[in-house]
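Put into structure tokens, the structure is as follows:
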């Protein structure tokens, strides 16, 4: 490895910082939870997961945790993805392909708007609370 | 392509000795077998601190904290957690050890052990791979060095340290800025040195080892900053040869820093050059004393010399030398980056920042902790440490190792800082904290530490060489039932003489465990001397185990447990102990279900 100049050190730090920040869990308030049961994976959950990771990187979003979970139970509507953004209803999307994943990141995570055509369910907790 | 999951495996000595390395290898193999190497990164980090529950494995981004992991668990962790996204319940921390596992704690931040901790020194431990310099750099590593070389003058660094109020973490608590300033202003030589004291020798202490193992670059960076500030071009790390993992990681770190031009000639293209070498100590305790340490680096026998002159002006090869402890150095980059004002906002009036303690002894959660100065011992023992196991009662905590003393229950709520501990007759020391309960005999504790210091005394000065031996002899006599009332005064007189007349810190502080236990537990000494009894049941010569005929049902359990066949008796008939054969191991006492055996 070559000896670094000041500029190169700073550049290296910037590059690596994004990577290591993914390991930090503080200050991350958005959760994207991908259902990775057998049914989900067969329906393309892996591609969706990869698309989420890539797209969140592209938008340089630092406050998102991408988690995975088992089968959510809606096997015919896989891949299912739950998105939790503060001050927005917890939302479950269905039939999330890589393209839809990209769309969710842009619209839901960045612009804070639901991607209505793929919303599977507004969880009943919200409805109950409003009553 | 970015990784979607990270598996952090603890690579500290504690966890490594419980096969953490095998866990790491197995996890890597499993990831490989499941073709997940592009998505999941397995990283070996420094110590997480929760040694009691080791080996620790943490999986991100879920932030699941797995405890007591075994190498054979790797398959399940990968197949369940990574592939299927289901946490492995049986490996999650179960603080109350309840069988229903209803109160599992999944995340580190929710574990009580971590809640009152504040990490400055251990900021990177358990977070980065200590063998990869890029990870340290990514966590603002070498940013302080960069700032110092390009934006600050030596006086600015001293000023920042002064503002921070940072004091030496090796024991005595001397203000760091003053040390550096003395060396910077020394005019007796152009050649100056920077030395890191990593000769951690207190029994039960492993703060410095863990820091070096988990974050070696922070020490290199801080020493380089010290070199720039005082005008030195050469640094030495004096570390004991018993720390192979720390030495290995330091070697890797030095090599990487040199390759990147962060150490060596013309650092980062500036005209400042600084190099660091490792010197191995052979494990003599006295070499933790700075003048003895410097003698040892020079290749001489490790013996202290009188001060002044101090190493700050006449140190290594009589040249001006900055010598600080590992933990002190680990604070430096943070002081530079976040500023002295930030640092001084943590802690008490006289003691700033945090302190790392190695919490051991009769405590539920033993481990490596970092707490802000001013925290009380009660918080450390009961909130972080989880209290005393087995429902036993707290008796005392010993701080400062062989140079320190005991803190008793009535002082549990005293805020911990340098001055308060000194007032109680103990010292901050390097950070060993040993908790003792009612089964610990204070006389035996004093004897243990004296045995250690007598062994480690270099023999150069009479007060330490002879005084220590005499103290030990008297304590040994008392513990064997040969004590006399006059012994108490003798102990006090010899202690005072040693404290006043010894050449170096070792001899001056060696009587501290005796003086301190005498101060708070004179009644225990008297019990040994007058009643010839040890109520803690430790001093074997004062013990006798007796079977009470009326309570003994003749179950024969004790006779079977006895390793020397000293117990005889017919089945269903009262048994008897042959006192001449008994070795007083206490096995029968613990085995008896009918409380028929008494200790006294």
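Protein chains in written order, with our numbering: chain A, 1 to 131; chain B, 132 to 731. Ideal placement from N, C-alpha and C gives every residue a C-beta, glycine not left out. For clarity, every value in this text was computed on a predicted model and none was experimentally measured.
Which residues in chain B have a C-beta closer than 7 Å to the C-beta of residue i? List them in chain order.
i	result
residue 66/A	135, 192
residue 61/A	Ordered by position in chain B, no residue passes the 7 Å Cβ test against residue 61/A, which lies about 12 Å from the chain.
What residues of chain A sit near residue i, judged by a beta carbon separation below 7 Å?
i	result
residue 399/B	4, 5, 6, 9
residue 746/B	Outside the modelled stretch of chain B, which goes from 132 to 731, sits residue 746/B, for which no answer is possible.
Output needed for residue i: all residues of its chain with C-beta closer than 6 Å, excluding positions within five of it in sequence on either side, in chain order.
i	result
residue 128/A	Summary for residue 128/A: the model assigns pLDDT 49, below 50, so the residue's position carries little reliability; its value from the coordinates is reported in the next sentence. Counting only Cβ-Cβ distances below 6 Å, and skipping sequence neighbours, we find nothing.
residue 473/B	none
residue 113/A	107
residue 717/B	none
residue 363/B	323, 324, 325
residue 188/B	140, 197, 200
residue 436/B	422
residue 419/B	330, 332
residue 138/B	158, 173, 190
residue 135/B	170
Just list the residues that DSSP pairs residue i with in beta bridges.
i	result
residue 412/B	371/B
residue 166/B	The partner list for residue 166/B (beta bridge, DSSP) is empty, contrary to what the question assumes.
residue 328/B	369/B, 456/B
residue 546/B	507/B
residue 201/B	Residue 201/B pairs with nothing; no bridge assigned.
residue 174/B	139/B
residue 298/B	306/B
residue 281/B	Residue 281/B pairs with nothing; no bridge assigned.
residue 698/B	708/B
residue 568/B	525/B
residue 676/B	730/B
Excluding five sequence neighbours on each side, which residues of the same chain lie with their C-beta closer than 8 Å to the C-beta of residue i?
i	result
residue 289/B	308, 311, 312, 315, 360
residue 19/A	none
residue 130/A	Note that residue 130/A has pLDDT 49, beneath the 50 cutoff, so the model's placement of it is unreliable and the number below is only indicative. Cβ within range, chain order: n/a, list empty.
residue 590/B	596
residue 110/A	59, 61
Identify the contact partners of residue i in chain A, using a Cβ-Cβ distance below 8 Å as the criterion.
i	result
residue 265/B	12, 16
residue 268/B	9, 12, 13, 16
residue 540/B	In chain order: nothing, as chain A lies at least about 36 Å away.
Using a Cβ cut-off of 8 Å, pull out every chain B residue sitting near residue i, in sequence order please.
i	result
residue 114/A	Chain B residues near residue 114/A: none, gap ~23 Å exceeds 8 Å.
Looking only at its own chain, which residues have a Cβ that is under 7 Å from the Cβ of residue i, when we skip the five neighbours before and after it?
i	result
residue 132/B	Reliability fails at residue 132/B, whose pLDDT of 49 lies under 50, so the model's placement of it is uncertain and the value that follows must be treated cautiously. Closer than 7 Å at Cβ, skipping near neighbours: 169.
residue 385/B	351, 394, 407
residue 365/B	324, 406
residue 577/B	606, 644, 645, 648
residue 136/A	A question about residue 136/A goes unanswered here, because the residues of chain A that appear run from 1 up to 131.
residue 615/B	660
residue 450/B	320, 322, 323, 324
residue 632/B	594
Quick one: which chain A residues come within Cβ less than 9 Å of residue i?
i	result
residue 258/B	20, 23, 24
residue 274/B	9, 10, 13
Cβ of residue i within 8 Å of any heavy atom in the ligand ATP?
i	result
residue 205/B	Absence of the ligand ATP is noted for the structure shown, with no ligands found whatsoever.
**Asked** Between the segment 213-245 of chain B and chain A, which residues of the former have CB atoms less than 7 Å from a CB of the latter, in chain order?
**Response** 215, 216, 217
**Request:** Tell me, please, whether the segment 500-511 of chain B touches the segment 237-256 of chain B by the rule of three or more beta-carbon pairs shorter than 8 Å.
**Result:** yes
**Request:** Say whether the segment 470-483 of chain B touches the segment 282-300 of chain B, bearing in mind that this needs 3 or more beta-carbon pairs closer than 8 Å, one atom from each stretch.
**Result:** yes
**Request:** Residues of the segment 100-111 of chain A with a CB closer than 7 Å to any CB of chain B: list them in chain order, please.
**Result:** none
**Prompt:** What residues from the segment 35-63 of chain A come within 7 Å of chain B, judged by C-beta to C-beta, listed N to C?
**Reply:** 36, 49, 53, 57
**Request:** Kindly confirm or deny that the segment 208-224 of chain B and the segment 523-534 of chain B touch, where touching means at least three C-beta pairs closer than 8 Å.
**Result:** no
**Request:** Could you tell me whether the segment 633-644 of chain B touches the segment 582-598 of chain B, where touching means 3 or more Cβ pairs closer than 8 Å?
**Result:** yes
**Request:** Give a yes or no on contact between the segment 258-265 of chain B and the segment 444-458 of chain B, applying the rule of three or more CB pairs nearer than 8 Å.
**Result:** no
**Item:** the segment 22-31 of chain A contacting the segment 69-77 of chain A, beta-carbon criterion three pairs below 8 Å
**Value:** no
**Prompt:** Listed from N- to C-terminal order along the chain, which residues in the segment 70-88 of chain A have their beta-carbon within a distance smaller than 8 Å of any beta-carbon of chain B?
**Reply:** 70
**Message:** So if I threshold CB-CB distances at 9 Å, which residues from the segment 376-395 of chain B count as touching chain A?
**Reply:** 387, 389, 390, 391, 392, 393, 395
**Prompt:** Of the residues that make up the segment 280-306 of chain B, which ones have a beta carbon closer than 9 Å to any beta carbon in chain A?
**Reply:** 280, 281
**Asked** Are the segment 542-553 of chain B and the segment 568-576 of chain B in contact at 8 Å, needing three or more beta carbon pairs?
**Response** no
**Request:** Kindly confirm or deny that the segment 558-565 of chain B and the segment 491-507 of chain B touch, where touching means at least three C-beta pairs closer than 8 Å.
**Result:** yes
**Request:** Count the C-beta pairs between the segment 664-684 of chain B and the segment 700-711 of chain B that are closer than 8 Å, then say yes if the count reaches three, no if not.
**Result:** yes
**Prompt:** Below 8 Å, can you find three or more Cβ-Cβ pairs linking the segment 170-182 of chain B to the segment 151-161 of chain B?
**Reply:** yes
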